[in-house]
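Positions in the sequence shown are counted from 1; adding 39 to them yields my numbering. Worksheet: the structure to be examined is printed underneath.
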Amino acid sequence: MSGANIQIQHLNKTFGTGADQVQALGDINLDIRAGEIFGIIGLSGAGKSTLVRCMNLLERPTSGRVIVDGQEMTSLSNRELRKARQSITMIFQSFNLLMQRTALENVCFPLELAGIGRGQAREKARGLLKMVGLGEREGAYPSQLSGGQKQRVAIARALATDPKVLLCDEATSALDPSTTQSILELLRELNQTLGVTMVVITHQMNVIEAICHRVAILDGGVVAEEGNVADIFANPRSAIGRQFVYPDGVKLDQLAASKVIRVVFNGGSSYEPLIASLAMDCRVKVNILGADTRNIDGKAFGSMLLGLPENRQEADKALQYLRAQPDITIEEVPHYA
Numbered sequence: 040m041s042g043a044n045i046q047i048q049h050l051n052k053t054f055g056t057g058a059d060q061v062q063a064l065g066d067i068n069l070d071i072r073a074g075e076i077f078g079i080i081g082l083s084g085a086g087k088s089t090l091v092r093c094m095n096l097l098e099r100p101t102s103g104r105v106i107v108d109g110q111e112m113t114s115l116s117n118r119e120l121r122k123a124r125q126s127i128t129m130i131f132q133s134f135n136l137l138m139q140r141t142a143l144e145n146v147c148f149p150l151e152l153a154g155i156g157r158g159q160a161r162e163k164a165r166g167l168l169k170m171v172g173l174g175e176r177e178g179a180y181p182s183q184l185s186g187g188q189k190q191r192v193a194i195a196r197a198l199a200t201d202p203k204v205l206l207c208d209e210a211t212s213a214l215d216p217s218t219t220q221s222i223l224e225l226l227r228e229l230n231q232t233l234g235v236t237m238v239v240i241t242h243q244m245n246v247i248e249a250i251c252h253r254v255a256i257l258d259g260g261v262v263a264e265e266g267n268v269a270d271i272f273a274n275p276r277s278a279i280g281r282q283f284v285y286p287d288g289v290k291l292d293q294l295a296a297s298k299v300i301r302v303v304f305n306g307g308s309s310y311e312p313l314i315a316s317l318a319m320d321c322r323v324k325v326n327i328l329g330a331d332t333r334n335i336d337g338k339a340f341g342s343m344l345l346g347l348p349e350n351r352q353e354a355d356k357a358l359q360y361l362r363a364q365p366d367i368t369i370e371e372v373p374h375y376a
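The following block contains the structure:
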């Protein structure tokens with residue numbers, strides 16, 4: 040199994056007509072590389088699910104082109120489209136398993152639709168259940184499985200037709216944090232071992248940070264920004280990007296500090312010694328007012344809000360020290376922003 044590239048060119052999608060017309064997507068242009076895990080993130084109503092459904096033509100774009108592995112999806116006949124969808128499968132937040140079928144029978148279902156014989160289908164389905172860690176639960180019905188196990192069955196079913204693209208529409212949103220982590224690790228392993236291209240739709244930045252190579256941020260049906268995950272975390276350019284990367288959770292007008300600055304970590308080896316070094320090297324103490332930092336591939340990203348001393352000389356000394364450090368940027372935050 041190997042991945043396919045996806046090209047989205049000037050894609051628009053509207054719903055309704057006349058005065059009731061609503062534009063869900065406006066002039067979307069994306070180039071998703073074969074074999075990568077590409078994230079699409081946005082708030083509710085940003086157009087994420089509509090966009091991913093346009094990729095396999097479950098929603099037909101109003102205009103624009105969707106090209107998967109060199110094949111223009113929007114130009115296919117219904118029969119050709121059904122065949123193409125075997126290579127572009129999907130997993131959902133709600134799992135969408137057939138409740139009257141066992142785990143094994145659920146995985147067999149797309150193989151049956153593809154005309155694969157019963158014996159061959161069951162053999163392949165067993166192998167896929169083992170691959171996702173459910174080899175011993177093939178006889179269990181969905182009602183007997185946990186949420187994480189149901190999603191593993193759904194992933195095995197999605198892989199049954201040897202797809203080149205796996206679309207994941209909020210696939211972990213219904214799961215607890217521990218189960219979410221295990222599913223993300225499984226998706227990463229499958230991407231590495233099978234080479235399948237994955238498109239991950241989510242509203243959670245921690246999902247993007249955990250497994251995605253690149254990300255597009257949607258806002259109001261348009262792409263606000265796009266790039267490598269590390270670059271977006273280091274320097275978000277759009278307002279919505281900054282909202283995702285810097286969810287400070289601190290009201291500045293409640294902070295007892297004369298000047299507040301944001302220290303942004305741009306991929307250095309560690310952020311932990313910075314405050315201690317400031318205290319030891321400059322003999323200046325600062326208050327950590329808020330922090331949202333993370334480790335991506337061994338590098339530090341995110342930001343801290345620091346309250347500087349009221350003494351102007353000490354505050355200037357701290358700023359001079361911080362500005363001299365590699366892999367960080369400093370910006371002043373107005374007190375009542």
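Every residue gets a Cβ at the ideal spot worked out from N, C-alpha and C, and that includes glycine.
Check your understanding: So what does DSSP say about Cys321, is it helix, strand or coil?
Key -> On the sequence shown, position 282 is the one that residue 321 refers to. The DSSP-derived three-state label of Cys321 is helix.
Practice item. Can you say whether Val61 is buried or exposed, counting buried as having 16 or more other CB atoms within 10 angstroms of its CB? Key: Position 22 of the sequence shown, counted from the start, is the residue given in the question as residue 61. With fewer than 16 other Cβ atoms inside 10 Å of its own Cβ, Val61 counts as exposed.
Check your understanding: Candidates Asn326, Val372 and Asp258: which alpha carbon is nearest Thr89's?
Key -> For the purposes of this step, residue 89 is taken as residue 50 along the sequence shown, with counting starting at 1. Here the closest residue by C-alpha is Asp258.
Exercise for review: Compare the beta carbon distance of Gln243 and Ser212 with 9 Å and say whether it is the shorter of the two.
Suggested key: The count along the sequence shown starts at 1 and reaches residue 243 at position 204. The count along the sequence shown starts at 1 and reaches residue 212 at position 173. Result yes, Cβ atoms of Gln243 and Ser212 sit closer than 9 Å.
Review point. Is Arg124 near Arg253, with beta carbons less than 9 Å apart?
Key: For the purposes of this step, residue 124 is taken as residue 85 along the sequence shown, with counting starting at 1. For the purposes of this step, residue 253 is taken as residue 214 along the sequence shown, with counting starting at 1. In this structure, the beta-carbon distance from Arg124 to Arg253 does not fall below 9 Å.
Review point. When the Cα atoms are used, what is the spatial distance from Phe77 to Ile106?
Key: For the purposes of this step, residue 77 is identified with residue 38 of the sequence shown, where counting begins at 1. For the purposes of this step, residue 106 is identified with residue 67 of the sequence shown, where counting begins at 1. In a straight line, the C-alpha of Phe77 is about 16 Å away from that of Ile106.
Exercise for review: Check the C-beta distance from Met319 over to Ala330 and give it rounded, since I have them as a contact under 8 Å.
Suggested key: Position 280 of the sequence shown, counted from the start, is the residue given in the question as residue 319. Position 291 of the sequence shown, counted from the start, is the residue given in the question as residue 330. In fact, because the Cβ distance is near 20 Å, the residues do not count as touching under 8 Å.
Check your understanding: If you run the structure through DSSP and keep just helix, strand and coil, what is Phe264?
Key -> As a working mapping, residue 264 is identified with position 225 in the sequence shown. Residue 264 is actually Glu in this sequence, not Phe. Three-state result, Glu264: strand.
Review point. If we call anything under 9 Å between Cβ atoms a contact, is Ile79 one with Thr236?
Key: Residue 79 sits at position 40 when you count from the first residue of the sequence shown. Residue 236 sits at position 197 when you count from the first residue of the sequence shown. Against a cut-off of 9 Å, the Cβ pair of Thr236 and Ile79 comes out as no contact.
**Study point:** Residue from Gly166, Ala199, Cys93 and Pro181 whose Cα sits closest to the Cα of Phe134
**Key:** As a first step, residue 134 must be located in the sequence shown, where it is residue number 95. For Phe134, the nearest C-alpha among the options comes from Pro181.
Practice item. Output the distance between the C-alpha atoms of Leu358 and Leu223, rounded to the nearest integer angstrom. Key: The residue given as residue 358 occupies position 319 in the sequence shown. The residue given as residue 223 occupies position 184 in the sequence shown. When rounded, the distance between both Cα atoms is 39 Å.
**Study point:** Assigned exposure category for Gln293 - 16 Cβ within 10 Å defines buried
**Key:** As a first step, residue 293 must be located in the sequence shown, where it is residue number 254. Note that Gln293 has pLDDT 43, beneath the 50 cutoff, so the model's placement of it is unreliable and no number is given.
Check your understanding: Pairing CB atoms from the segment 173 to 192 with CB atoms from the segment 135 to 147, are three or more of them under 8 Å?
Key -> The segment 173 to 192 is in contact with the segment 135 to 147.
Exercise for review: Quick one: measure Cβ to Cβ for Leu167 and Ala195, integer angstroms, because I've assumed they're closer than 8 Å.
Suggested key: By one-based count along the sequence shown, residue 167 stands at place 128. By one-based count along the sequence shown, residue 195 stands at place 156. Their Cβ separation, rounded to whole angstroms, is 4 Å, which keeps Leu167 and Ala195 in contact under 8 Å.
Exercise for review: State the Cα-Cα distance for the pair Arg165 and Ser316, rounded to the nearest angstrom.
Suggested key: Counting from 1 along the sequence shown, the entry for residue 165 is found at position 126. Counting from 1 along the sequence shown, the entry for residue 316 is found at position 277. So the alpha carbons of these two residues sit roughly 56 Å apart.
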